[in-house]
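First comes the structure, then the notes that go with it.
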Amino acid sequence: MKADRLRVAIIGSGFSGLCVAIQLKKAGVKSFAVFEKANALGGTWRDNTYPGAACDVPSISYCFSFEQKTDWSRKWAPHDEILGCLEHCARKYELLPHIRFGTEIAGAVFDQAEGAWHLRTTSGETFVADFLVCGTGQLNRPSTPVIPGASDFRGECFHSARWDHGYDMTGKTVGVIGNASSAIQFIPQITKQVAELFVFQRTPNWMLPRGDRPFTDFERSLFAKLPWLVKLYRWWNWARLEVLFYPVIRRNETLSRRAREVSLENMRSLIPDPTLQEKLIPDYPPGAKRILITDDYYQALARPNVHLVTAPIDRITRDSIITKDGEARRVDVLIYATGFQTTEFLAPMKIHGVGGKSLDEEWNNGARAYLGISVAGFQNMFMMYGPNTNLGHNSIIFMIECQTRYIVECIRQAVRGGLKWIDVRDDVMDLYNAEIQQKLAGSVWAQVDHSWYKNDSGVITNNWSGSTLEYWWKTRHVDLGAYRQEARSFQGANVAAAA
Ligand code: NAP
238 MKADRLRVAI IGSGFSGLCV AIQLKKAGVK SFAVFEKANA LGGTWRDNTY
288 PGAACDVPSI SYCFSFEQKT DWSRKWAPHD EILGCLEHCA RKYELLPHIR
338 FGTEIAGAVF DQAEGAWHLR TTSGETFVAD FLVCGTGQLN RPSTPVIPGA
388 SDFRGECFHS ARWDHGYDMT GKTVGVIGNA SSAIQFIPQI TKQVAELFVF
438 QRTPNWMLPR GDRPFTDFER SLFAKLPWLV KLYRWWNWAR LEVLFYPVIR
488 RNETLSRRAR EVSLENMRSL IPDPTLQEKL IPDYPPGAKR ILITDDYYQA
538 LARPNVHLVT APIDRITRDS IITKDGEARR VDVLIYATGF QTTEFLAPMK
588 IHGVGGKSLD EEWNNGARAY LGISVAGFQN MFMMYGPNTN LGHNSIIFMI
638 ECQTRYIVEC IRQAVRGGLK WIDVRDDVMD LYNAEIQQKL AGSVWAQVDH
688 SWYKNDSGVI TNNWSGSTLE YWWKTRHVDL GAYRQEARSF QGANVAAAA
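Here it is, written out as structure tokens:
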């Protein structure tokens with residue numbers, strides 16, 4: 238390996254990229270770089286700084302299991318603590334010298350003869366690496382719908398993932414388009430400050446009470462002194478989510494009915510107005526879109542200065558949002574809480590594998606990969622949080638750790654075996670995807686027409702089909718029999734020695 242050739246190139250410094258970097262370091266690999274387009278690390282937790290941003294799975298499960306944080310302030314951690322946790326990991330594992338900030342990868346091409354990826358940045362720099370790990374995730378490119386007249390709007394306007402903290406909303410009239418995970422976190426935070434707020438809701442969501450509270454000093458001192466207790470607490474949380482919510486995804490009638498009852502009971506207890514109540518009841522089963530958890534959204538909606546608009550948006554003018562019933566709401570501020578471009582994985586990067594084939598072509602009918610990690614024809618390339626690995630019921634950190642273990646083991650085996658490249662077999666990938674798509678057809682996600690889990694053709698491209706236990710089982714060992722491979726001219730190097 239030439240000195241300027243990397244063993245591994247990692248794209249993205251969010252949870253995924255950092256996890257891979259840490260485990261590569263632990264495996265003795267020194268020659269790796271993390272390419273980060275922004276000037277700071279943290280991925281989605283760097284970008285989503287809106288008021289009230291917090292995790293929607295219990296904090297105890299929302300950090301790496303090998304770097305368990307014991308001093309979370311609350312049961313559902315606020316944004317700053319999660320980002321702080323990632324920064325801590327980067328410092329502790331001395332990753333900062335490996336991260337190339339402000340370096341956006343435009344594309345990568347695999348040279349089969351050389352067994353190497355050639356990466357090109359948007360500023361024209363080039364890098365060469367044996368292995369490519371893409372850790373750009375599913376929630377990194379904000380989606381802003383095309384609404385007629387939107388470009389004429391002259392007020393303040395931004396996406397929730399690009400919050401303008403310099404703008405003072407005090408006394409302003411605000412329009413929020415969207416009412417899902419992001420919106421329900423920031424709306425309660427701004428309602429007291431703004432004069433009026435219109436929430437433009439296209440589809441109501443099932444919501445459950447979060448039950449958030451600060452951890453007491455006593456609890457935190459116990460966590461700090463008894464690491465086994467934190468471990469136990471984490472596993473209890475994991476098991477509870479598997480047992481209570483995974484069956485909802487699998488259309489278990491009893492638990493779905495229970496989720497529906499708890500949700501409606503909670504909503505009716507907080508929203509006195511029956512007309513408003515009606516507008517908040519979804520017509521699809523719980524779990525078909527992400528079940529939202531909140532302790533304060535309904536209270537915010539019940540405030541006299543907050544108005545829920547359910548008429549579809551027709552157009553936007555220089556100062557108003559006009560709905561299809563002809564009503565105009567004048568707003569000073571327009572906030573798009575409209576989510577992310579989730580189904581075009583790795584976009585806008587142009588990735589070319591064997592014979593110049595592009596990932597765009599490969600994914601013409603929807604993104605797919607073996608274990609959400611490997612794509613046939615794209616040798617020595619691995620994805621973190623790739624196609625069909627998102628969850629609707631448990632912590633994504635669990636999946637990220639499974640993927641990291643698998644990828645580092647692939648690299649270890651390939652290097653130790655003196656392989657120039659490995660490439661998942663087409664038949665293995667086809668069979669795997671046929672199986673998961675068949676299972677997904679029986680999931681609750683198949684019961685709605687659109688969600689961010691599906692592409693325009695209705696294929697569920699984002700979510701994992703089974704329990705987290707099943708994913709762990711499938712990724713626990715690497716069987717290189719599932720991969721085509723070619724040997725390098727040298728043999729026998731071990732991963733640390735060849736690092
Ligand atoms: P999202 O779930 O995709 O929600 C987008 C919202 O915008 C929906 O209400 C959607 O309505 C609406 N919308 C989209 N296009 C529209 C249009 N043209 N006209 C009117 N309404 C439109 O996005 P998100 O709330 O940002 O959340 C995305 C994901 O990020 C979550 O599911 C979650 O996984 C993650 N997240 C996590 C946290 C956390 O852990 N704290 C916080 C925020 C987000 P429809 O339902 O009708 O499509």
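Here this note's numbering runs 237 ahead of the position in the sequence shown, where the first position is 1.
For glycine and all other residues, C-beta sits at the position ideal for the given N, C-alpha and C.
Using the Cβ count rule (16 or more neighbours within 10 Å means buried), how would you classify residue i?
i, result
"L517", "buried"
"Y607", "buried"
"D454", "exposed"
"S458", "exposed"
"Y535", "buried"
"D367", "buried"
"W313", "buried"
"N670", "buried"
"S418", "buried"
"W354", "buried"
"G265", "exposed"
"E273", "buried"
"I425", "The residue you asked about is not Ile; residue 425 is Pro in the sequence shown. Under this definition P425 is a buried residue."
Could you check which residue in the options has the C-alpha nearest to that of residue i?
i, options, result
"G279", "A345, G249 and G408", "G249"
"Q775", "D317, D293, L529 and L323", "The chain is shown only over 238 to 736; residue 775 falls outside these bounds and no answer can be derived."
"C326", "C639, T286 and G254", "G254"
"F582", "Y521, L376 and R328", "L376"
"D520", "D562, T440 and I319", "T440"
"G593", "G614, I558 and D686", "G614"
"L668", "R605, E723, W709 and I634", "R605"
"P484", "P522, I659 and L513", "P522"
"G408", "V568, A387 and M621", "V568"
"I528", "N442, V266 and E331", "N442"
"D556", "S704, D389 and L677", "D389"
"R497", "D449, M444 and P334", "M444"
"P451", "V685, P509, A525 and P315", "P315"
"I648", "A258, G251 and I550", "A258"
"T512", "E638, A539 and E599", "A539"
"W472", "F635, S611 and P288", "F635"
"A584", "L656, R378 and E599", "R378"
"T575", "W689, G718 and F482", "W689"
"I530", "D693, A291 and D317", "A291"
Just how far apart, CA to CA, sit residue i and residue j?
i, j, result
"F423", "R391", "23 Å"
"I427", "D533", "12 Å"
"E564", "V370", "50 Å"
"F269", "A345", "16 Å"
"V715", "I421", "41 Å"
"L507", "A537", "10 Å"
"N503", "R357", "52 Å"
"R283", "I559", "33 Å"
"T359", "I342", "6 Å"
"D660", "R337", "28 Å"
"L628", "P295", "14 Å"
"L478", "E351", "46 Å"
"R505", "F577", "30 Å"
"M406", "Q430", "7 Å"
"L320", "N285", "10 Å"
"G695", "A678", "11 Å"
"D551", "D562", "8 Å"
"L706", "G623", "18 Å"
"E515", "R713", "46 Å"
"A387", "Y404", "20 Å"
"A734", "V665", "Only weak support is given to the placement of A734: the predicted model assigns it a pLDDT of 39, under 50, and the value that follows is read from those uncertain coordinates. Their backbone Cα atoms lie some 31 Å apart in a straight line."
"C256", "V645", "10 Å"
"K691", "A476", "27 Å"
On the premise that residue j lies in contact with residue i, defined as a C-beta separation below 8 Å, what is that separation, rounded to the nearest angstrom?
i, j, result
"A625", "N700", "As written in the sequence, residue 625 is Asn, which differs from the Ala given in the question. Yes, they are in contact, since the Cβ atoms of N625 and N700 sit about 6 Å apart, within 8 Å."
"F364", "L243", "6 Å"
"R642", "Y720", "Not quite, the Cβ-Cβ distance comes to about 17 Å (not below 8 Å), so this is no contact."
"S298", "N416", "Not a contact, Cβ separation roughly 26 Å."
"T410", "E433", "5 Å"
"G339", "N276", "5 Å"
"H589", "F347", "7 Å"
"V681", "R488", "5 Å"
"F437", "V413", "7 Å"
"C639", "Y573", "Their Cβ separation, rounded to whole angstroms, is 33 Å, which puts C639 and Y573 out of contact at 8 Å."
Shorter than 6 Å, the distance from the beta carbon of residue i to the closest heavy atom of the ligand COA, or not?
i, result
"S419", "Summarising the ligand content, the structure contains the ligand NAP and does not contain the ligand COA."
Exercise for the section: Inspect the CB distances between the region 382-397 and the region 539-548 and report whether three or more fall short of 8 Å. Expected result: no
Problem - Contact between the region 647-660 and the region 487-495 (3+ Cβ pairs under 8 Å) - result: no
Problem - the region 297-313 touching the region 391-405, judged by at least three CB pairs closer than 8 Å - result: no
Handout entry: Contact between the region 690-709 and the region 327-335 (3+ Cβ pairs under 8 Å)
Key = no
Practice task
Answer yes if the region 616-624 comes into contact with the region 456-463, meaning at least three C-beta pairs across the two stretches below 8 Å, and no otherwise.
Solution key: no
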